[in-house]
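Residue numbers (the UniProt record's numbering), protein chains in the order written: chain A, 1 to 346; chain B, 1 to 346. Quick reminder that beta carbons are idealized off the backbone N, C-alpha and C, glycines included. Below is one structure, written out as structure tokens; comments come after it.
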């Protein structure tokens with residue numbers, strides 16, 4: 001309401017005066033990304049045309065998918081990614097100055113665009129989060145949250161009393177999946193990469209958590225899931241998945257959300273899983289969350305409701321400063337984050 | 001009608017006079033089965049009690065699944081498998097003498113059982129096949145036919161114009177799957193193990209057939225499926241499947257029916273398929289046909305209708321003689337059959 005009073009096509013700041021910065025994918029990734037893959041550049045902002053907005057980044061997301069997705073872009077491209085921004089200039093009545101928005105603007109501090117002419121990845125006004133920080137639009141109330149919500153519920157149909165295993169469980173999606181499964185009355189086992197992460201998962205309500213860096217996963221999972229595994233929500237692929245799939249029950253469901261274990265490496269060899277698939281009659285489905293674009297707000301509202309009811313906890317690993325985006329990304333790929341990794345820009 | 005006139009609890013032959021034979025799984029399979037894994041024994045038949053029937057085998061099935069399934073049985077067990085038999089004695093009005101039945105009786109010439117007390121694998125009276133041989137109840141009008149029918153239609157939802165790839169395409173299930181897909185207006189590519197099989201598949205109407213023993217499968221499939229693969233019906237697993245999955249389109253569907261490539265060997269290592277699963281958003285489902293037990297006759301009737309309309313051709317590789325069951329089974333596992341492998345007993 002108050003913000004709508006700021007709409008003006010006259011009082012906009014001069015975009016040419018802004019020191020707009022962006023991170024370029026300067027060298028193609030090979031193995032683990034390093035600082036050398038990135039280059040900071042200063043951007044020239046165009047003048048706003050009718051329908052355009054100028055958005056200033058407040059939080060920028062770093063997510064595992066960026067590692068494999070960037071392989072489709074040539075060196076010299078802008079780094080991709082979502083951000084939460086504030087509209088600081090506008091020639092678009094639907095996006096008045098002062099609005100908080102989510103946009104797939106990439107790693108840049110300032111963006112000029114016309115939301116209506118963007119077919120895919122259209123920016124949207126954040127719904128009201130109450131007293132919650134807007135950064136959650138990059139996590140539990142955004143893409144990772146909807147990934148957990150739709151991926152688990154639509155592809156795995158977990159039922160009360162069933163056993164759900166989540167890999168990459170301390171990541172943004174994984175911890176959320178486990179909490180939803182607990183809300184549904186499932187037994188939940190998380191697999192994560194440190195004792196501290198495992199303790200955090202148990203604090204969140206996970207029944208068991210396995211540190212894959214120190215445990216015999218097969219033996220520990222046998223103990224943690226004595227009735228076998230009905231649902232496997234996979235964020236990692238590779239050997240961990242091979243091990244979990246061997247303990248699945250008849251008609252088990254596997255949602256493959258990501259395979260972070262091989263994003264920085266050649267795809268590893270695993271035991272052909274197809275024989276397990278036949279005799280256990282398993283269903284495995286890979287997915288990308290954009291398939292539920294038409295139900296986007298449903299996911300956000302459901303997760304917001306759970307948060308407000310105290311049934312869904314969120315945690316962010318926040319890095320400060322636009323200049324630290326590459327470091328935050330590199331660290332996240334190594335498992336340095338607990339919960340959602342975001343970078344605070346202003 | 002005429003057959004019902006034969007029902008009698010008095011005029012049954014004396015089962016004790018019958019030289020009933022059976023094949024025993026004498027030694028646990030290691031690698032390729034050989035004659036040494038099997039032992040022929042003579043069986044003692046019990047006297048018929050109320051509700052019992054005595055069935056004489058006419059055709060016995062040899063199927064790929066028997067190789068992995070027998071690993072769950074101890075040495076000394078009867079070899080499992082379906083057969084078409086004739087009721088030659090009966091104390092059960094639902095199964096009069098002279099009836100043709102299908103039963104999961106294993107590799108034996110004579111079987112005494114009470115159909116009503118068998119919870120699973122209940123024998124059933126064959127529906128009328130017209131002039132078609134009753135042996136089809138082991139193939140195109142039985143388990144393999146229903147495997148093709150339900151597996152393709154229920155799990156893969158092939159649409160007109162889509163490209164369907166079938167591995168193990170010259171087997172009982174594979175050739176049938178391809179023919180259904182052609183009936184639906186799909187482009188169909190078969191993968192099989194000899195030039196003669198490939199020619200047969202093209203005679204059946206397959207658009208292309210690839211001999212995996214001589215071709216560069218990846219390159220040939222690129223040519224045969226220039227728009228990529230929408231549906232993959234897999235009977236073999238292993239390297240062939242790895243290759244096909246790499247050429248699948250967004251939202252591709254994979255039905256995993258069997259993995260005959262590794263039934264006689266250790267499960268091989270393949271490139272972790274999960275990354276393909278995510279970015280192509282593939283769905284893969286393993287299945288065993290018994291999940292559609294409650295719709296069994298629907299499948300048989302649909303396939304029979306296609307046969308009568310000239311839209312579904314069938315072919316059998318028939319071995320004669322009960323004593324040749326092991327040889328027929330061993331040969332089938334090596335790909336010696338084209339179409340359904342059956343053994344004619346009488």
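Straight-line Cα distance separating residue j from residue i
i: residue 142 of chain B; j: residue 290 of chain B; result: 11 Å
i: residue 235 of chain B; j: residue 66 of chain B; result: 14 Å
i: residue 305 of chain A; j: residue 259 of chain B; result: 45 Å
i: residue 38 of chain B; j: residue 25 of chain B; result: 5 Å
i: residue 326 of chain B; j: residue 221 of chain B; result: 35 Å
i: residue 29 of chain B; j: residue 337 of chain B; result: 21 Å
i: residue 169 of chain B; j: residue 328 of chain B; result: 19 Å
i: residue 150 of chain A; j: residue 302 of chain A; result: 11 Å
i: residue 224 of chain A; j: residue 157 of chain B; result: 37 Å
i: residue 342 of chain B; j: residue 219 of chain B; result: 35 Å
i: residue 69 of chain A; j: residue 71 of chain B; result: 43 Å
i: residue 130 of chain A; j: residue 35 of chain A; result: 37 Å
Whether residue i touches residue j by CB criterion (9 Å)
i: residue 155 of chain A; j: residue 285 of chain A; result: yes
i: residue 233 of chain A; j: residue 333 of chain A; result: no
i: residue 288 of chain A; j: residue 252 of chain A; result: no
i: residue 272 of chain B; j: residue 270 of chain A; result: yes
i: residue 56 of chain A; j: residue 109 of chain A; result: yes
i: residue 31 of chain B; j: residue 214 of chain B; result: no
i: residue 357 of chain B; j: residue 315 of chain B; result: Because chain B is modelled from 1 through 346, residue 357 of chain B falls outside the range shown and cannot be assessed.
i: residue 173 of chain B; j: residue 278 of chain A; result: no
i: residue 240 of chain B; j: residue 212 of chain B; result: yes
i: residue 91 of chain B; j: residue 49 of chain B; result: yes
i: residue 353 of chain B; j: residue 237 of chain B; result: Outside the displayed span of chain B (1 to 346) sits residue 353 of chain B, for which this structure offers no information.
i: residue 112 of chain A; j: residue 81 of chain A; result: no
i: residue 74 of chain A; j: residue 171 of chain A; result: no
i: residue 267 of chain B; j: residue 33 of chain B; result: no
i: residue 106 of chain B; j: residue 78 of chain B; result: yes
i: residue 164 of chain A; j: residue 148 of chain A; result: no
Chain B contact for residue i (CB, 9 Å cutoff)
i: residue 278 of chain A; result: yes
i: residue 81 of chain A; result: no
i: residue 237 of chain A; result: yes
i: residue 68 of chain A; result: yes
i: residue 242 of chain A; result: yes
Own chain residues within Cβ distance below 6 Å of residue i, not counting five before or after
i: residue 206 of chain B; result: 178, 188, 190
i: residue 137 of chain A; result: 84, 102, 126
i: residue 166 of chain A; result: 174, 177, 178, 190, 233
i: residue 292 of chain B; result: 150
Interface residues of chain B facing residue i [CB-CB closer than 9 Å]
i: residue 257 of chain A; result: 278
Within chain A, partners of residue i - CB distance below 9 Å
i: residue 285 of chain B; result: 277, 281, 282, 283, 284, 285
9 Å Cβ cutoff, residue i in contact with chain A
i: residue 399 of chain B; result: Here chain B comprises residues numbered 1 to 346, so residue 399 of chain B is not present and cannot be evaluated.
i: residue 262 of chain B; result: yes
i: residue 274 of chain B; result: yes
i: residue 234 of chain B; result: yes
Partners in chain B for residue i, counting only beta-carbon separations shorter than 8 Å
i: residue 178 of chain A; result: Here the premise fails: no neighbours, minimum Cβ distance about 20 Å.
Cutoff 8 Å; reference residue i; Cβ partners in own chain excluding five residues on either side
i: residue 248 of chain B; result: 228, 229, 230, 232, 254, 276, 280, 282
i: residue 95 of chain B; result: 53, 87, 101, 115, 123, 125
i: residue 199 of chain B; result: 209
i: residue 323 of chain A; result: 40
i: residue 183 of chain A; result: 306, 311, 312
i: residue 160 of chain A; result: 184, 185, 186
i: residue 308 of chain A; result: 130
Beta-carbon contacts of residue i that lie in its chain and below 7 Å, excluding the five residues immediately before and after
i: residue 335 of chain A; result: 193
i: residue 20 of chain A; result: 42, 43, 45, 108, 109, 110
i: residue 320 of chain B; result: 344
i: residue 121 of chain B; result: 104
i: residue 318 of chain A; result: 342, 344
Proximal residues of chain A, C-beta to C-beta of residue i below 7 Å
i: residue 271 of chain B; result: 267, 269
Interface partners of residue i on chain A, CB under 8 Å
i: residue 288 of chain B; result: 278, 279, 281
Any non-hydrogen atom of the ligand FMN within 8 Å of residue i CB
i: residue 100 of chain B; result: Looking at this structure, you won't find the ligand FMN or any other ligand, since it has none at all.
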